[in-house]
Amino acid sequence: MSLINSYALWNNKGGVGKSTISFHLSMRYAETHPDAKVLVIDLCPQANSSMMLLGGGALGDERVVELCSREIPKSVVGYVSTVITNGRGANLPNPYDFLIHVSDYNKGAPDNLYLLCGDGNMEPMAPAINEAASAKALTPNAQPWKWIIEIFKNFILNIADSQDDWMFFVDTNPSFSIYTQMAIAAVERLLTPINADDSSKTAASAMIALLHGTNPPHPIYGSWTFAEVAKQRNVKIPQIHLLIGNRLTQFEGPAAAFAALSDATTTALYDIYQKNPSYFVSAAEPISTKEQFKNYYSVPLRDFNTVGVVCAHLGRLMSSMKQGYYPVYGVNVKVNMEKIQECLKAIDMIIDKL
1135 MSLINSYALW NNKGGVGKST ISFHLSMRYA ETHPDAKVLV IDLCPQANSS
1185 MMLLGGGALG DERVVELCSR EIPKSVVGYV STVITNGRGA NLPNPYDFLI
1235 HVSDYNKGAP DNLYLLCGDG NMEPMAPAIN EAASAKALTP NAQPWKWIIE
1285 IFKNFILNIA DSQDDWMFFV DTNPSFSIYT QMAIAAVERL LTPINADDSS
1335 KTAASAMIAL LHGTNPPHPI YGSWTFAEVA KQRNVKIPQI HLLIGNRLTQ
1385 FEGPAAAFAA LSDATTTALY DIYQKNPSYF VSAAEPISTK EQFKNYYSVP
1435 LRDFNTVGVV CAHLGRLMSS MKQGYYPVYG VNVKVNMEKI QECLKAIDMI
1485 IDKL
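Residues 1135 to 1488, numbered by the working numbering, are exactly what the sequence shown covers, in order.
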């Protein structure tokens, strides 16, 4: 069959909800597309999306620790370390040796959902990955940096070369470390959560600079940036598919709520789009105004508040939630049916645009 698509959730700003959105998108997409297989690659060392998928709360955390503590970790670290140990040019390890069938651990998850588990050891392993990427090329065709940066791209292509249709979601860390660069190089498209505050304007501009460099390039370090080396090594940079307006109030309608994303942020992004439309996925309709840009490329996602926290804690599908009280760390938390429906509608709006 084929690769349906691959998306990384990334913004170089923390606290925008990447892991929570990764959890809900992957669970809901798997639920509404039972004929496809869905894989989450968790490249955030905090492994929050893995914890949620594997049952949430303390139980999910215990399962992540167990998977990462095996002799060969069944995690992103286990896979990367095996590839690097085998060396460039060696056959890739069997990706299925590292995959988790999520419903084997979390009975509330769809049966077609899989996980390459996050691992806290990715952070201390980063210097070793950097060293492998910086190795001296012994032949003209050897490209150690490209080989390392595309480890997860090749992982995805290896799995997609099967009899099934696969959709991939990659959770990331806001820092632009080597493993975040590997996540970005792995996918075709970016889903970018943005908070409704002015600092998101700065983060949006910085994000574009990290992906594509500055114009003109910095006179000293410009040639060393990820953007420049990726260009030299022919590493494809993913296009922005959607801007997800997160952290929005529950008490305003979607239009008013997304306006709270700050006009300055929208203006900054539209200015980038006007100068470099190729940074974004091609629009299916003409985009000639800021309003058209906002309507086409952004989705207002109401903050998950109580519903999202309870879902994540329990590792539950949003659609399985009923109105009532749920235990969260020893406290009974009330979940309102109206809020469940609002959150579910918001997630479906994103899925409809994928």
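Ideal placement from N, C-alpha and C gives every residue a C-beta, glycine not left out.
Quick check on residue i: buried or exposed, where buried means 16 or more other Cβ atoms within 10 Å of its Cβ?
i	result
His1346	buried
Lys1468	exposed
Lys1428	buried
Ala1271	exposed
Asn1410	exposed
Val1465	exposed
Asp1231	exposed
His1158	buried
Ile1315	The question names Ile, yet the displayed sequence has Gln at residue 1315. Gln1315 is buried by the Cβ-count criterion.
Lys1365	exposed
Thr1219	exposed
Ala1320	buried
State the start and end residues of the unbroken alpha helix (DSSP H) segment that holds residue i.
i	result
Met1452	No alpha helix (DSSP H) contains Met1452, which DSSP labels as neither H nor E.
When the Cα atoms are used, what is the spatial distance from residue i to residue j?
i	j	result
Asp1176	Leu1250	6 Å
Thr1166	Asp1299	14 Å
Glu1472	Met1452	12 Å
Ile1474	Lys1456	8 Å
Ala1142	Ala1417	19 Å
Pro1461	Met1259	36 Å
Ala1267	Thr1273	15 Å
Tyr1431	Val1304	20 Å
Lys1241	Ser1156	19 Å
Val1433	Asn1182	23 Å
Glu1200	Thr1216	18 Å
Ala1361	His1235	35 Å
Lys1487	Pro1350	34 Å
Ile1342	Gln1408	13 Å
Glu1386	Leu1435	Any reading at Glu1386 needs caution, since the residue's pLDDT is 45, under 50, leaving its predicted position unreliable; the model's value is listed next. Distance between the alpha carbons of Glu1386 and Leu1435: 12 Å.
Lys1287	Tyr1459	42 Å
Ala1340	Ser1412	17 Å
Pro1168	Asn1246	7 Å
Glu1476	Arg1162	14 Å
Ala1192	Ala1446	11 Å
Lys1208	Val1198	9 Å
Gln1426	Ala1480	20 Å
Pro1179	Met1256	6 Å
Phe1289	Ala1337	29 Å
Ser1237	Asp1405	44 Å
Thr1359	Glu1196	38 Å
Ser1160	Ile1485	9 Å
Tyr1313	Ala1224	21 Å
Need the endpoints of the beta strand (DSSP E) that residue i sits in, please.
i	result
Ala1142	1136-1143
Asn1466	1465-1469
Pro1168	Here Pro1168 belongs to no beta strand (DSSP E), and DSSP marks it neither H nor E.
Val1462	1458-1462
>> My parser needs the alpha helix (DSSP H) runs of 4 or more residues fully inside the stretch 1174-1258; what are they?
In response: Fully enclosed alpha helix (DSSP H) runs of 4 or longer: 1182-1187, 1191-1202, 1210-1220, 1236-1239.
> Is the stretch 1277-1296 touching the stretch 1365-1373, taking contact as three or more C-beta pairs under 8 Å?
Replying inline: Touching, per the Cβ criterion.
> Along the chain, which unbroken stretches of the beta strand (DSSP E) at least 3 residues long are found entirely within the stretch 1330-1373?
Replying inline: Taking only runs of at least 3 residues, no beta strand (DSSP E) segment lies wholly in the stretch 1330-1373.
> Is the stretch 1135-1151 close to the stretch 1206-1219, with three or more CB pairs under 8 Å?
Replying inline: Verdict: no, contact absent.
> Quick check: the stretch 1178-1192 against the stretch 1261-1276, are there 3 or more CB pairs under 8 Å?
Replying inline: Counting Cβ pairs under 8 Å, fewer than three are found: no touch.
> Taking the runs of the alpha helix (DSSP H) that are 4 residues or longer, which of them lie wholly in the stretch 1263-1340?
Replying inline: For the stretch 1263-1340, the full-length alpha helix (DSSP H) segments reaching 4 residues or more read 1278-1283, 1285-1294, 1312-1320 along the chain.
> For the 8 Å Cβ check, are there 3 or more pairs between the stretch 1374-1381 and the stretch 1316-1331?
Replying inline: Yes, since at least three Cβ pairs between the stretch 1374-1381 and the stretch 1316-1331 fall closer than 8 Å, the two stretches touch.
>> Which runs of the alpha helix (DSSP H) at least 4 residues long sit entirely within the stretch 1401-1445? Give them in chain order.
In response: Whole alpha helix (DSSP H) segments, 4+ residues: 1424-1431.
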